[in-house]
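Colleague: Residue numbers (this note's numbering): 794 to 985.
Don't be surprised by glycine CBs; every beta carbon is placed ideally from N, CA and C.
Quick caveat: nothing in here was measured; it's all calculated off a predicted structure.
One structure, pasted below without further comment.
Listed below in structure tokens is the structure:
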């Protein structure tokens, strides 16, 4: 996995920019490489309320870049300073596929951290999870999430993380990240 430049998605008129951090935790040589997930707090009128996600959020005018957005949001949500890690690069921009979701374009950044201090979740985060990358790459981690609205149902690809499902934009980011491991013999080879 090498530092790379993201493919920028077209930005629809009126769409906001956002950034998230896919944080990898490097442990001891024999320890598995792990990926950080958050479970978002339940908030009325938030379309992603209670979902599994990566830390991050909307770009603010004071942010020098989308990378700075990911760093700021991760610090605010978890007390985790990404500048203590190594930025590997950005994944391709993504936007929601549903017209019912806010118009937003998200850029994921991949950061490898040394063993970080304990996380300090803010009110925006209900829980945190470190999941071994090897487990996520196992076909048994794949699942399906069914969303039912009235008489209609839709099926979405998902990953199991503990008792939760990662689906939607976070699943798309995760799938993109895991595809970068496909040609490697072991996940530990991504470390700088």
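Measure how close the beta-carbons of residue 877 and residue 849 come, nearest whole angstrom, since I'm counting them as under 8 Å.
Modeller: The pair is not a contact, with the Cβ atoms about 17 Å apart (cut-off 8 Å).
Colleague: Let me check understanding here. Comparing Cα to Cα, which of 936, 846, 838 lies closest to residue 922?
Modeller: 846
Colleague: On the criterion of 16 or more Cβ atoms from any shown chain inside 10 Å, does residue 924 qualify as buried, or is it exposed?
Modeller: It counts as buried.
Colleague: Does the distance from the CB of residue 901 to the CB of residue 824 come in under 9 Å?
Modeller: no
Colleague: For residue 816, count the other beta carbons within 10 Å of its own beta carbon; 16 or more makes it buried, fewer makes it exposed. Which is it?
Modeller: buried
Colleague: Is residue 884 helix, strand or coil when you go by DSSP?
Modeller: Here residue 884 sits in coil by DSSP.
Colleague: If you draw a straight line from the alpha carbon of residue 969 to that of residue 819, how long is it in whole angstroms?
Modeller: 20 Å
Colleague: Quick check on DSSP: helix, strand or coil for residue 950?
Modeller: strand
Colleague: Within the continuous alpha helix (DSSP H) that includes residue 934, where are the two ends?
Modeller: Element bounds for residue 934: n/a, residue is neither H nor E.
Colleague: So, with DSSP's three-state summary, where would you put residue 774?
Modeller: For the chain, the structure presents residues 794 to 985; residue 774 sits outside this window and is missing.
Colleague: Count the other CB atoms, across all protein chains shown, that sit within 10 Å of the CB of residue 978; report buried if there are 16 or more and exposed otherwise.
Modeller: Note that residue 978 has pLDDT 47, beneath the 50 cutoff, so the model's placement of it is unreliable and no number is given.
Colleague: Pull up the CB-CB distance for residue 875 and residue 864, whole angstroms please, since I reckon it's below 8 Å.
Modeller: 5 Å
Colleague: Tell me whether residue 870 sits in a helix, a strand or coil according to DSSP, three-state version.
Modeller: helix
Colleague: Just to confirm my understanding: we take residue 844, look at its own chain, exclude 5 residues before and 5 after, and list those with CB closer than 6 Å. What are they?
Modeller: 833
Colleague: So what does DSSP say about residue 811, is it helix, strand or coil?
Modeller: strand
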